[in-house]
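**Student:**
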Amino acid sequence: MKKFNFRKVLDGLTASSPGGSSSSSGSGGGSGAGGGSAHPGGTAGAAGTPREEVQETLTSEYFQICKTVRHGFPYLPTALAFDPVQKILAIGTRTGAIRILGRPGVDCYCQHESGAAVLQLQFLINEGALVSASADDALHLWNLRQKRPAILHSLKFNRERITYCHLPFQSKWLYVGTERGNTHIVNIESFILSGYVIMWNKAIELSTKTHPGPVVHLSDSPRDEGKLLIGYENGTIVFWDLRSKRADLRAYYDEAIHSVAWHHEGKQFMCSHSDGSLTLWNLKSPNRPFQTTIPHGKIQRDGKKTESCKPILKVEYKTCKNSEPFVIFSGGLSYDKACRRPSLTIMHGKAITVLEMDHPIVDFLTLCETPYPNEFQEPYAVVVLLEKDLIVVDLTQSNFPIFENPYPIDIHESPVTCTEYFADCPPDLIPVLYSVGAKHKKQGYSNKEWPISGGAWNLGAQTYPEIIITGHADGSVKFWDASAITLQMLYKLKTSKVFEKQKPGEGKATAEIVEEDPFAVQMMHWCPESRIFCVAGVSAYVIVYRFSKHEVNTEIASLEVRLQYEVEDIITPEPEIIPPFPDASSQLPSLKSLSGSTNTVACEGTMKDSIPCLSVKTRPVRMPPGYQADLVIQLVWVDGEPPQQITSLAVNSAYGLVAFGNCNGLAVVDFMQKTVLLSMGTLDLYGSSDPYQRQPRSPRKSKQFAADNFCMRGLSNFYPDLTKRIRTSYQSLTELSDSPVSLELERCKSPTSDHVNGHCTSPTSQSCSSGKRLSSADVSKANRRGPGRPPFRKAQSAACMEISLPVTTEENRENSFSRSRSSSVSSIDRDSKEAITALYFMESFARKNDSAVSPCLWVGTGLGMVLILSLNLPASDDLRQSEPVMVSPSGTVLTLKGAVLTFACLDCMGTLTHPPYEVWRDPHSADDGEKTRKRKLVMHSPSSSQDMGDHQFAVICSEKQAKVFSLPSQTCLYVHNITETSFLLRADVVTLCNSVCLACFCANGHIMTLSLPSLRPLLDMNYLPVTDMRIARTFCFSNEGQALYLSSPTEIQRLTYSQEMCDNLQDMLGDLFTPVETPEAQNRGFLKGLFGGSGQAFDREELFGEATAGKASRSLAQHIPGSGGIEGVRGAAGGVIGDLTRARIALDERGQKLGELDEKTASMMASAEAFSKHAHEVMLKYKDKKWYQF
322 MKKFNFRKVL DGLTASSPGG SSSSSGSGGG SGAGGGSAHP GGTAGAAGTP
372 REEVQETLTS EYFQICKTVR HGFPYLPTAL AFDPVQKILA IGTRTGAIRI
422 LGRPGVDCYC QHESGAAVLQ LQFLINEGAL VSASADDALH LWNLRQKRPA
472 ILHSLKFNRE RITYCHLPFQ SKWLYVGTER GNTHIVNIES FILSGYVIMW
522 NKAIELSTKT HPGPVVHLSD SPRDEGKLLI GYENGTIVFW DLRSKRADLR
572 AYYDEAIHSV AWHHEGKQFM CSHSDGSLTL WNLKSPNRPF QTTIPHGKIQ
622 RDGKKTESCK PILKVEYKTC KNSEPFVIFS GGLSYDKACR RPSLTIMHGK
672 AITVLEMDHP IVDFLTLCET PYPNEFQEPY AVVVLLEKDL IVVDLTQSNF
722 PIFENPYPID IHESPVTCTE YFADCPPDLI PVLYSVGAKH KKQGYSNKEW
772 PISGGAWNLG AQTYPEIIIT GHADGSVKFW DASAITLQML YKLKTSKVFE
822 KQKPGEGKAT AEIVEEDPFA VQMMHWCPES RIFCVAGVSA YVIVYRFSKH
872 EVNTEIASLE VRLQYEVEDI ITPEPEIIPP FPDASSQLPS LKSLSGSTNT
922 VACEGTMKDS IPCLSVKTRP VRMPPGYQAD LVIQLVWVDG EPPQQITSLA
972 VNSAYGLVAF GNCNGLAVVD FMQKTVLLSM GTLDLYGSSD PYQRQPRSPR
1022 KSKQFAADNF CMRGLSNFYP DLTKRIRTSY QSLTELSDSP VSLELERCKS
1072 PTSDHVNGHC TSPTSQSCSS GKRLSSADVS KANRRGPGRP PFRKAQSAAC
1122 MEISLPVTTE ENRENSFSRS RSSSVSSIDR DSKEAITALY FMESFARKND
1172 SAVSPCLWVG TGLGMVLILS LNLPASDDLR QSEPVMVSPS GTVLTLKGAV
1222 LTFACLDCMG TLTHPPYEVW RDPHSADDGE KTRKRKLVMH SPSSSQDMGD
1272 HQFAVICSEK QAKVFSLPSQ TCLYVHNITE TSFLLRADVV TLCNSVCLAC
1322 FCANGHIMTL SLPSLRPLLD MNYLPVTDMR IARTFCFSNE GQALYLSSPT
1372 EIQRLTYSQE MCDNLQDMLG DLFTPVETPE AQNRGFLKGL FGGSGQAFDR
1422 EELFGEATAG KASRSLAQHI PGSGGIEGVR GAAGGVIGDL TRARIALDER
1472 GQKLGELDEK TASMMASAEA FSKHAHEVML KYKDKKWYQF
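For the sequence shown, this note's numbering assigns the number 322 to the initial residue and increments by one for each residue that follows.
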């Protein structure tokens, strides 16, 4: 026990050393106070006791990382396939991914290691296998009979490029067409090339002088499997007899061929061409097509020739027993309709229906009742794969309605700008959100069941409710039910509805600071218990929403906040004393001529002041059931300078307060009384507690006031010179070079842009400059700054700089990603911008040695400073609506390295203490009785029934380190330097297995967890390289070992860091393959069998097997055995478990080989014994015989 104590004492000493200098202000802040834990007595003794009391249950065995499921639309799709018996769909993408979809809940993602684009997919129908052809000229066989498909075999072509594949139904021989025009044949079972090859020069006529081009189509005749139809790009069609190895017939057409489709009887086929024409060919007269049509072509004036159209990229020709055949094709529209949308045309008899699509068509498939190509096809639906959508059209109804899609493929309906994940949330939320969201459902869908219904899925053991919230570029917010690794949309909220629509032509004259997507959601804060929802938008506004089940018609309350470095009197709009420096006062009209046009979006000759970026609707607005806007808070322009984007946001329903900050300062608003309580610059929050000795740049004295004298009202009276000083600091940021590059860097870009520097991933990386060019007035201001002003060409504060991607070299890393992101690095500009990066409402000890907890607001900044503001709330609920709430600094300042990311509070037992909240009640309930109107507050976490005790732990995590302080003594108990060379993008305190830990995601790709309160490393895995800003911007952790990020613009990837969930994952995933009887072929009848097709059965094995066809050239293609045996190891790569798993598999394989060797040895021994015995018998037989007796 003594050893344990001694170690903790050393921990306390080491914890105190890194930040000792930061507590120079003597305000009880920083880790300098941590030395108190080294000696007993006083507060330090109290701080020492909890370290022994807290029993931490989490160990490294509880953690393991693996991907669970991917939701959304496959990004950049390229290929489509359907198994008509299993009823599952496969989609291939340009990034080498394959998504396999069945009934809702059956959704599987697999990836080619090469990352090469998927060219084509072919199911082995009802066999539980899939063949993929990729752009690196490789064929892969996937085993779908396991929950996570794996590659069994691969075949890499070395000398030829694959262009088309065809696998006949119930055949094990795959036809592969190449760019050179040759056709190869692959055995699916062994994945070895047959020696049988159809060379292009044998297929075409000898007299032909030109190469026919790549193979664009292969299919066997429905009438005779021994005949293969080969389509070449230049318009040549060859009907090849596989048995006699010669062409039965050849057909030629002037236009390039894009696709070919058979009639089920096998007597005729249809081709689509590059001039928008469809040709129908009869095998009896191949000299010319017996029918040629240009479906969308207009007849020319001469009345003879029809005009050519856009290429028909694909055609399908499907027959019906009781009606005319369907001819379905994509493309083929007239060239004169340039603005016409991509379309799918359905020709049924004489009726032609054109279905216009929202996105270009990648591929389509017709779903038919039978898998047999020689029967009436009876089509019932068409699956259309678009670039950004998947739709299924019902062919059984004359108006061709589409099926309602059960998959969450509309995540990217508008680009996702932020995400939040809530695992183990209150169970009543999902049905409530669904009930209000169900009323928004569209009408007009097909009334039939979704046809892609294969696979099997059950709920599994995990039953807690999960909700994912996505914020989007158009201002919409979507709530998703994410329980049991599925995803289903519950409810959609449009935040842009609170604002007036911008009229066309107002673009440059408005006060908008973002040209594209002015309503983009930048941050969200949700309290599931009280159902209060808060949104921060890119145009510097915050909207507070309350949830109601009743429709209401009401006006939207709005507030405007001046949050610049001018410190204005917010509560009384007219300042009592005009500041002595005229350029700092926004009230003087004479300033207009001085300032001129200081912003690129400003009007000529006028200066914007006290106007918000967007206009809130002033008329009463009808709000449907669901989330209804309670208050809109907008930051306003000041002196022609735009408001800066919001970098942190917090709301508390019990206190009735919302707080938000940006790189200028902090605002606290009472959303119950609809009043602004606080609006001030970051520097002024410190008072005399400021640990940095910031010298004003202008040659004038700086006034300092103690925290006790700090007042929230009329700050311009106390600091007449501060406004000028801050203006100077602000302008130094915008004075970079006048080159277009740097100006472009400064601009606030749209959050949906995928440009590397176009994304602000975290509170400290928002662009604070406004893209302004310096006017002569600005130059004169710059000249007045005094001789001591340092050069600021390189002094952009990291709190204001855009983020750039991490660089691989060590020397550049600090200069690019981390330097631009971490304010603590940029010491040269410490006295200008200090962004508010984290906010947290909590019942806590505001000051050193407080005897009881009180409402507090914890504030974290980009320089690693933590301030605690005291909240003085009215004593009784009756006075809450009338009495003012007082906000005052406590004087407490704590310090960390790097921008502060997150806060949390643990009680003396180490249990997570949740902030207080108000139990939800419907604000528009018909029952207006006293019970309904009385607020019901929950002040302590329901998880801990005991009293909070006489102390608590404050957990604070920054970009670089995590610290745990004991309150009220403010002793730093534990410190852990998480990273030196990189920085954290996200940190969350989460619950797992009835305990609590700190989960971190680092810019270098590491995912880490630390125990609480002792900050012991439990997991550190280099798992997810930040290849895209999207990952950095959307990564978030949740409880129970869950996390997610946006893996592509259209897909959400979920992962788990819980060992238990990794172990149970197999039970939760859906089965892709279910045993289904293959339907029997129809009885063709005696006469049809006699006259309708080939009399002899076609034996492919005899024709293509090694015995007849021989072996293919080894240099043509290389067989690569698949990694199906080591499935699941990749998820654990880099970890000990991964190494153990690989070792175990290697041992198994070695054991298997040894077993085989043993069997062979035994067999040889048996054979030798038999030979010996036989020889001995022969010897005995002829032993006594003479030579002439033989």
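Don't be surprised by glycine CBs; every beta carbon is placed ideally from N, CA and C.
Using 8 Å for Cβ pairs, my map puts Y1238 next to V1259. What's the rounded Cβ distance?
**Tutor:** Contact holds; Cβ gap of about 6 Å.
**Student:** Can you tell me which of the three DSSP states R424 falls into?
**Tutor:** Coil at R424, not helix or strand.
**Student:** Could you check where the beta strand (DSSP E) with E1423 kicks off and where it finishes?
**Tutor:** It is not in any beta strand (DSSP E) - E1423 instead sits in the alpha helix (DSSP H) that spans R1421 to F1425.
**Student:** Give the range of the alpha helix (DSSP H) segment to which W521 is assigned.
**Tutor:** It spans W521 to A524 - the alpha helix (DSSP H) in which W521 sits, taken as one unbroken run.
**Student:** Using CA atoms only, rank isn't needed, just tell me which of L1227, S774, N503 and G986 is closest to N726.
**Tutor:** Ranking L1227, S774, N503 and G986 by Cα distance to N726 puts S774 first.
**Student:** Suppose contacts are defined by Cβ-Cβ distances below 9 Å. Is A402 in contact with C431 by that definition?
**Tutor:** No, they are not a contact pair.
**Student:** Starting from C1293, follow its DSSP beta bridges and name the residues at the other end.
**Tutor:** For C1293, which the question treats as bridged, DSSP gives the partners F1286.
**Student:** Would you list the residues sitting across from F1394 in a DSSP beta bridge?
**Tutor:** None; F1394 has no bridge partner.
**Student:** Under 9 Å, do A459 and I1441 count as touching if we go by C-beta distance?
**Tutor:** Contact: yes.
**Student:** In or out: A582 buried (at least 16 other Cβ within 10 Å) or exposed?
**Tutor:** Buried, because 16 or more other Cβ atoms sit within 10 Å of the Cβ of A582.
**Student:** Would M1485 be called buried (16 or more neighbouring beta carbons within 10 Å of its own) or exposed?
**Tutor:** Per the 10 Å Cβ criterion, exposed.
**Student:** Buried or exposed for K1506, please, with buried defined as at least 16 other CB atoms from any protein chain shown within 10 angstroms of its CB.
**Tutor:** Exposed: under 16 other Cβ atoms inside 10 Å.
**Student:** In or out: Y574 buried (at least 16 other Cβ within 10 Å) or exposed?
**Tutor:** Its Cβ being crowded by 16 or more others within 10 Å, Y574 is buried.
**Student:** Output needed for S936: all residues of its chain with C-beta closer than 7 Å, excluding positions within five of it in sequence on either side, in chain order.
**Tutor:** Counting only Cβ-Cβ distances below 7 Å, and skipping sequence neighbours, we find F820 and E821.
**Student:** Three-state secondary structure (DSSP) at I1277?
**Tutor:** Three-state DSSP puts I1277 in a strand.
**Student:** On a CA-only basis, which of G547, V882 and S851 is nearest S869? Give me that one, please.
**Tutor:** Measuring from the Cα of S869, the nearest candidate turns out to be S851.
**Student:** Let me know if S797 comes out buried or exposed under the rule of 16 or more other beta-carbons within 10 Å of its beta-carbon.
**Tutor:** Buried, since its Cβ has 16 or more Cβ neighbours within 10 Å.
**Student:** Counting only runs of 3+ residues fully inside the stretch 784-815, write out the beta strand (DSSP E) ranges in chain order.
**Tutor:** Entirely contained in the stretch 784-815, the beta strand (DSSP E) runs reaching 3 residues are, in chain order, 787-793, 797-802 and 809-815.
**Student:** With DSSP run on the structure shown, which of helix, strand or coil describes F1407?
**Tutor:** For F1407, the predicted model reports a pLDDT of 48, less than 50, meaning its position is unreliable and no value from the coordinates is stated.
**Student:** Between which two residues does the alpha helix (DSSP H) holding G758 run?
**Tutor:** Where G758 is concerned, the enclosing alpha helix (DSSP H) stretches over L750 to G758.
**Student:** Distance check for R482 and M1389, CA to CA, integer angstroms please.
**Tutor:** So the two alpha carbons sit approximately 40 Å from each other.
**Student:** Could you give the C-beta distance for I723 and V737, rounded to a whole number, given that I count them as a contact under 8 Å?
**Tutor:** Not a contact, Cβ separation roughly 24 Å.
**Student:** Once you ignore the five residues that flank G556 on each side, which residues in its own chain have a CB closer than 8 Å to its CB?
**Tutor:** Closer than 8 Å at Cβ, skipping near neighbours: Y573, Y574, D575, E576, A577, I578 and H594.
**Student:** Determine the extent of the alpha helix (DSSP H) in which N1385 is found, giving its start and end residues.
**Tutor:** Per DSSP, N1385 belongs to the alpha helix (DSSP H) from Q1380 to M1389.
**Student:** Count the other CB atoms within 10 Å of the CB of E1301; is the residue buried (16 or more) or exposed (fewer)?
**Tutor:** Burial call: exposed.
**Student:** Can you tell which of G858, Q949 and V863 has the C-alpha that lies nearest to the C-alpha of N874?
**Tutor:** Looking at the Cα atoms, Q949 is the closest of the given residues.
**Student:** Hey, L970 and M845: beta-carbon distance below 9 Å or not?
**Tutor:** Cβ distance < 9 Å, so L970 and M845 count as in contact.
**Student:** Is the stretch 695-715 touching the stretch 1321-1335 in the sense that three or more CB pairs, one from each, lie closer than 8 Å?
**Tutor:** The stretch 1321-1335 vs the stretch 695-715: no contact.
**Student:** Going by beta carbon distance, what residues of the same chain come within less than 6 Å of P535, once the five residues before and after it are set aside?
**Tutor:** Hits under 6 Å: T484, E500 and E554.
**Student:** Looking at C-beta atoms only, is the number of pairs between the stretch 1344-1357 and the stretch 415-430 that lie closer than 8 Å three or more?
**Tutor:** The stretch 1344-1357 vs the stretch 415-430: no contact.
**Student:** Does the Cβ-Cβ distance between P1236 and N983 come in under 9 Å?
**Tutor:** Result no, Cβ atoms of P1236 and N983 do not sit closer than 9 Å.
**Student:** Alpha carbon to alpha carbon, how far is P1195 from R1201? Give it in angstroms, no decimals.
**Tutor:** So the alpha carbons of these two residues sit roughly 6 Å apart.
**Student:** Would you mind reading off the limits of the alpha helix (DSSP H) that contains A1353?
**Tutor:** M1350 to T1355 is the span of the alpha helix (DSSP H), which, as asked, contains A1353.
**Student:** Could you spell out the range, first to last residue, of the beta strand (DSSP E) harbouring Y553?
**Tutor:** Segment K548 to Y553, the beta strand (DSSP E) holding Y553.
**Student:** Starting from Y573, trace the beta strand (DSSP E) both ways and give me its first and last residue.
**Tutor:** Residues R567 to Y573.
**Student:** Return the residue from the list L1004, D960, I954 and N985 that minimises the CA-CA distance to V997.
**Tutor:** Nearest option by C-alpha distance: I954.
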